[in-house]
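What follows is a set of notes on a single structure, which appears directly below.
Protein chains: 2
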Amino acid sequence: MDYVLRQGANIQPASKPAALDLQGFFAPKSLALVGATEDRSRFGGKVLHRLKHFGFNGPFYPINPSAQTVQGLPCFSSLRDLPESAEHVGIAVPTKFIFDVLDDCAATGVRFVTVFSAGFTEAGDTEGLERQSRLKAFVDKTGIRVMGPNCNGFVNFVEGLAFTSSGTVTGARSAPGNIGLVSQSGGAAQVNVMWRAQELGLNLSRQVSCGNCADLGVLDFVSYMVDDPHTDVIMVLVEDFGRGRELFEVAKRAADREKPIIVLKLGRTEAGSRAAASHTGAITGSDAVHDAVFKQCGIIRVNDCNELYERAMMFRRKKLPNGRRAAALSISGGNAAIIADLGEHLGVEWPRYADSTQAGLAKILPLHGRATNPSDVTSAVVGKPDVLRNCVDIIAADPNIDVVIPTLTFAVRSDVDQAVASIETCEKPLVLLWTGGCGDQPDFKARQLIQAGVPVYRDALACLRSVKDAMSYGEFLRARKGREVVRRPQGIDLKQAGLILRNNAGVLGERESKAFLKAYGFPVTEEYLAKAAAEAVAIYRRIRGRVALKIESKQILHKTESGAMRLGIEGAENIARAFDEVIGAARSYAPDAALDGVLVQAMAPAGAIELILGIAPDPTFGSAIMVGLGGVHVEVLRDVSFRVGPIGIDDAHSMLRELRAYRLLEGVRGQKPVDMAALCGLISRLSWLAVDFADEIDELDINPLFVYPQGQAPCVIDALVTTRQRVAAT
Amino acid sequence: MDYVLRQGANIQPASKPAALDLQGFFAPKSLALVGATEDRSRFGGKVLHRLKHFGFNGPFYPINPSAQTVQGLPCFSSLRDLPESAEHVGIAVPTKFIFDVLDDCAATGVRFVTVFSAGFTEAGDTEGLERQSRLKAFVDKTGIRVMGPNCNGFVNFVEGLAFTSSGTVTGARSAPGNIGLVSQSGGAAQVNVMWRAQELGLNLSRQVSCGNCADLGVLDFVSYMVDDPHTDVIMVLVEDFGRGRELFEVAKRAADREKPIIVLKLGRTEAGSRAAASHTGAITGSDAVHDAVFKQCGIIRVNDCNELYERAMMFRRKKLPNGRRAAALSISGGNAAIIADLGEHLGVEWPRYADSTQAGLAKILPLHGRATNPSDVTSAVVGKPDVLRNCVDIIAADPNIDVVIPTLTFAVRSDVDQAVASIETCEKPLVLLWTGGCGDQPDFKARQLIQAGVPVYRDALACLRSVKDAMSYGEFLRARKGREVVRRPQGIDLKQAGLILRNNAGVLGERESKAFLKAYGFPVTEEYLAKAAAEAVAIYRRIRGRVALKIESKQILHKTESGAMRLGIEGAENIARAFDEVIGAARSYAPDAALDGVLVQAMAPAGAIELILGIAPDPTFGSAIMVGLGGVHVEVLRDVSFRVGPIGIDDAHSMLRELRAYRLLEGVRGQKPVDMAALCGLISRLSWLAVDFADEIDELDINPLFVYPQGQAPCVIDALVTTRQRVAAT
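Heads up: the protein sequence lines correspond to chains H and A, in order. Okay, so the first sequence: first residue is 0 according to numbering that gives the first Met the number 0, each after it adds one. Okay, so the second sequence: first residue is 0 according to numbering that gives the first Met the number 0, each after it adds one.
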């Protein structure tokens, strides 16, 4: 059942043209609204009202069969009666009429449709699901691109068009900014993000609320904004990306253009997923995997709506710090301490100033000894704007400093102006933290500065989080420039691997799983299947050394639990006895199981560190790979790390570094470090396997993988592969 | 050196009268300001200006030897010239004149002094330290109580007195609220907290910026507010509590009165400690220990200034949730999903509604199936305030629900009013989350509601964090009612333990440390010291079973490293050989070490879980106890938990539950749980030991402690005690 849902989420139109042109969507040559009404308390009346007051340059046609005029505009009874074809049509009619209107759209050469009306998957009933399928079929047949259903339209501040019922857009168009916003949600995005951002003084380029995403999805609009010259920062509030794999491609293009994508992903928790599902019928997918993908793609993740625009305020200036080294200065010592704490906690560094900086500061400040960073510049600078500005400029010129945060509490206007002057002229990114008001001009507020383009924060944590995210994004962009090309590893026998998989539909036992992995280039234990005790002894002699004996049966997957295994056996007699014991234990554990024999396996050398590697299915991204240390680390401490493949050696290493137990791999208490290159190579290999066999493999567990210090090859000790056929059958 | 600092922090006036009466401090019968000036750009001029405009009812005397009048008020040349004794005197004069003014205070019967002037410990130089000592000596000699130095005074909204230079108090007194604020900092507290809270619509009772705390400290003012009938919530922004042990007493009285204390503690990180030290010369102490103490005391900890008043907004109504079960309802599905996510992440529960609630909702909402929680009530309620209010009231009446969060985005005034009506009338705590504006009355804002006493949040995370903290505080208050009395454990031979400690000044070796712990009631391994091989054999025969042999020498503390130990030996011949080997290894590891003999020790039974227990010194609280699992858990994963003693069994258990590896103690993979009662008993015992020998013991390590399933006693395998004499000597 679980799988059916997941599969459902995977069944998405597989590929779209790389650069879908949505210009006609956002700024159509002509526009129509079916369901336009006089009554402004109804949806169609609201949309019409917003549209009229916001201002739209092109011809606009209200459609309503039972009115001559609506809100003072001449009204048409049907799309078929229009003097020209509408490029974009909005539909705000009762659910039962939608498909009639869509037929009219197809008949009159409409290119884009926004279906505002609800009654689709979000309803959670059969009719809703059927309606949404029918809508998809309409898109496939006609080529008309549809936003929605169950959506609240969009606002285009650039060319000028509000096509939404939202109460946040009741007046004339405000000036466009360079921040875009894409969401499935209406209210949360339009109120909590768009309106609140504008209240703060931040202007947007475009805003989209795309609802259930039957056709056009979140990624289509993000992709458009990546190409949009009017948008420099993209905020996304998303329940379900849908075609998750496309996210990699869109994010890559965004990184090429150095346009940050900031995401608030809903459905992180079970309660959130439930709420999201009842909202747009979205399947939200595993949160840990989303986290991993965002890291891989350089996407900035936030936790609440206000954080979207708080980050955007930092990013919209397109000045990124060259490193993590920050400086702050304040006339309030308490603020210096708060900033120091929060910054260090987030991973911001506060380096010592260079000697030249100290010398410069000593000339203008009454310093006792060296200035610390963050700097308490004391009240010596209050009301002496030239001193404040000089301090900021001296610190900003320090070669050890990547970003400066002048911090004001209560300030006179001239202090604020001088801090802003430094911010505006400096090559480096500077942000103003202004926690209080303006002493001599109480009406002068942060909002005016923000509207003028200055990044101004009122709270230290929001400020430092934004600074830290800008540092991380800068690091991401720099790292990807020198980054390895992720290449398919050598030594993969794809044909053989595929053969093993297809010959063993369902679950692959230990021996078959390891044979599969071996064909894929993984080192595995030497092992052979014995059908009789004598054969076990012969194998033992061939292997030379102590062996393990394990039952081989498709019906006994949990060998430890069954007791049908013996470890570290030597001597012919003991081997023979162990063979009989294993068979005996298997029979009493599962009397009806078909026993294929006993696997006789070379014991791996001692001194290994045990890891667990795996592939897990994911509803959004197809599958994800996982790594963790064996024993308590995965099972009790849940200390694991995810990625979506394929990944290279660098990514594999960063995946390991995320583990809390990473230091164990580096060697503690005098132990040698493990062969990190070999381990990362296997992780990369696994990530390719996950991609190559995405359609065949549901889950794969390597448990344990033994890794050793350099010079000793790692070894797969046990493994289990579950294919999709098996899952589909249950 | 490190210790000298710590000791310095400990040297504080040890005990004060339990209820220090500061009424004369906050509302003196008469007030004087030495250093009052005409010039409003100077400190004394600012203080005078604030005071005049804020309004003070009693007689006020500006003092300035070189002026006849200041700011229109008659001026006196000295305190000695006043017609009456000033109950409270503020000093804002250059540092060199301070002590002359203080002499005048002593001569004229002044009770309280606020020293605004700087130039003390915060300067970081010898003169500053000396000045602060001299100020303390003045207090001890005269009994005059002093706030400061290096402080920015206080604001009393209740009786009406602003005695501060802060630019946040330039007009007439605003109405008093029931929220108090104590800080060392001036700017951060007065601007980031007080002014910002007022900007939001929250009024304060009193605000104090007590600076370096040479005499009156943060805890004195918190203590006063605990008793103050005008204060119901206490916000604290603190760098150093000073006499940390008093915090327990003050917090206990606050809990008795159900007055929450909300703390922003500076100096959490190294950078923050550095910045705090340069601000008020404070030593900030270990952050993990502060965290533990706050948990023990029910103190709510926050991370940034705005979070102080955001929490206070929730608490000032004095309605606490009876549990963690919340409900939320919104017309925005996106908001419902965001709230669900953030709440679950914080530990808020979203239970299913009772059948009666479902039935009630079904009558007024167009529901498909059951309503989820958080509830997306769709736009059916928009503009129908009776429906919204009915929904809120039905949900609030649900017996499964402890707190309700009606959530509005853009709303018409009548919607807001109806939500507020529910909040005002409901017995349970309800909070409004209102992310947008007022559709029909754009000037109607959250501020008006907050001023009227309604808790209104604009962001989901701030809202849910406040709700969660209220839940936790309610839990804390309920738990302490039924809580065990923390009693001294049985079986402590204090005399014997003290004797061992004093006979072994410096470091106690393994044998002495274990003898000390045994006298304190800890089960330890059976062991005896052998001076010769034959004696070792005799001991082995007495112990019966395998033994360990370990070198005993004050000069060899790291036995594993020295190689001078053998484990699990049996047979007389092997014992004798092992004895010689241990002596040999010790001699080659440390040729000059004095060898006391070889410790022959019973091997503990197999199957133990290893723990590490310890006592670490703390600059604020004297010492703290620590517990963690042995091996990688403490050493690599830093998975440890702290408390300040004495604690009982319940606290010991909660300490263990904080460990990420706690499940290992409960038994995983079919293992039996450890004897939790025995383990918690030992932790409690250790916490008493830490208190009893606070002056003698610097550090104590029990590493490892073996614990077993019920029926098998735990056992101290190795231990090491470092006394303060040893530390003082290095």
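Note that CB positions come from ideal geometry on N, CA and C, so glycine has one too.
Start and end residues, alpha helix (DSSP H) containing residue i
| i | result |
| --- | --- |
| GLU474 (chain H) | 459–480 |
| ASP414 (chain H) | 412–424 |
| MET675 (chain A) | 675–691 |
| SER512 (chain H) | 509–518 |
| ALA31 (chain H) | Run containing ALA31 (chain H): none in the alpha helix (DSSP H); it sits in the beta strand (DSSP E), 30–33. |
Beta carbon proximity, residue i to chain A, threshold 8 Å
| i | result |
| --- | --- |
| HIS344 (chain H) | yes |
| ALA459 (chain H) | yes |
| LEU636 (chain H) | yes |
| ASP303 (chain H) | yes |
| GLN711 (chain H) | no |
| ASP340 (chain H) | yes |
| GLN11 (chain H) | With a pLDDT of only 36 at GLN11 (chain H), under 50, the local geometry of the prediction cannot be trusted, and the value read off the model is given with reservation. No, GLN11 (chain H) does not count as interfacial toward chain A. |
| ALA660 (chain H) | yes |
| GLY544 (chain H) | no |
Residue-chain proximity (residue i, chain H), Cβ-Cβ < 8 Å
| i | result |
| --- | --- |
| ILE608 (chain A) | no |
| CYS390 (chain A) | no |
| GLY644 (chain A) | no |
| SER184 (chain A) | yes |
Selected residue, minimal CA-CA separation from residue i, among the options
| i | options | result |
| --- | --- | --- |
| VAL217 (chain A) | A:HIS229, A:GLU306, A:ALA254 and A:VAL262 | A:VAL262 |
| THR424 (chain A) | A:PHE443, A:ARG510 and A:GLY452 | A:GLY452 |
| SER471 (chain A) | A:VAL523, A:ASN321 and A:ALA601 | A:ASN321 |
| GLY123 (chain A) | H:LEU556, H:LEU719 and H:THR371 | H:THR371 |
| ALA547 (chain H) | H:THR377, H:TYR527 and H:ILE555 | H:TYR527 |
| PHE521 (chain A) | A:VAL715, A:ALA601, A:LEU101 and A:SER164 | A:VAL715 |
| GLY669 (chain A) | H:ALA353, H:PRO405, H:PRO708 and H:THR559 | H:THR559 |
| PHE578 (chain H) | H:ALA607, H:ASP617, H:ALA531 and H:PRO616 | H:ALA531 |
Reduced DSSP secondary structure (H/G/I, E/B, other) of residue i
| i | result |
| --- | --- |
| TYR527 (chain A) | strand |
| TYR223 (chain A) | helix |
| GLU580 (chain H) | helix |
| TYR707 (chain H) | coil |
| ASN702 (chain A) | strand |
| GLU569 (chain A) | coil |
| THR147 (chain H) | The amino acid occupying residue 147 (chain H) in the given sequence is Gly; Thr does not appear at that position. In the structure shown, GLY147 (chain H) sits in coil (DSSP, three-state: anything other than H, G, I, E or B). |
| ALA204 (chain H) | Before going on, a small fix: residue 204 (chain H) reads as Ser here, not Ala. It is a strand residue. |
| ALA161 (chain A) | strand |
| LEU783 (chain H) | No answer is possible for residue 783 (chain H): the residues shown for chain H start at 0 and end at 729. |
| ASP717 (chain A) | coil |
| ARG5 (chain A) | Confidence at ARG5 (chain A) is low in this model, with a pLDDT of 28, below 50, so the placement of that residue is unreliable and no value is reported for it. |
| GLY44 (chain H) | helix |
| ARG300 (chain A) | strand |
First through last residue of the beta strand (DSSP E) which encompasses residue i
| i | result |
| --- | --- |
| PRO93 (chain A) | Premise fails: PRO93 (chain A) is in no beta strand (DSSP E) and is neither H nor E. |
| ASP617 (chain A) | 608–617 |
| LEU263 (chain A) | 260–264 |
| GLY179 (chain A) | 178–182 |
| PHE409 (chain A) | Counting along the chain, PHE409 (chain A) falls outside any beta strand (DSSP E), and DSSP gives it neither H nor E. |
At which residue ranges does the region 313–395 of chain A contain complete beta strand (DSSP E) runs of 3 or more residues, listed in the order of the chain? Listed in chain order, the complete beta strand (DSSP E) runs (minimum 3 residues) inside the region 313–395 of chain A are 325–329.
Going residue by residue through the region 541–570 of chain A, where are the continuous alpha helix (DSSP H) segments of at least 4 residues, counting only ones entirely within it? With a minimum length of 4 residues, the continuous alpha helix (DSSP H) runs that stay inside the region 541–570 of chain A are 558–561.
Jot down the residue ranges of each uninterrupted beta strand (DSSP E) in the region 623–668 of chain A, minimum 3 residues, whole runs only, in chain order. 639–642
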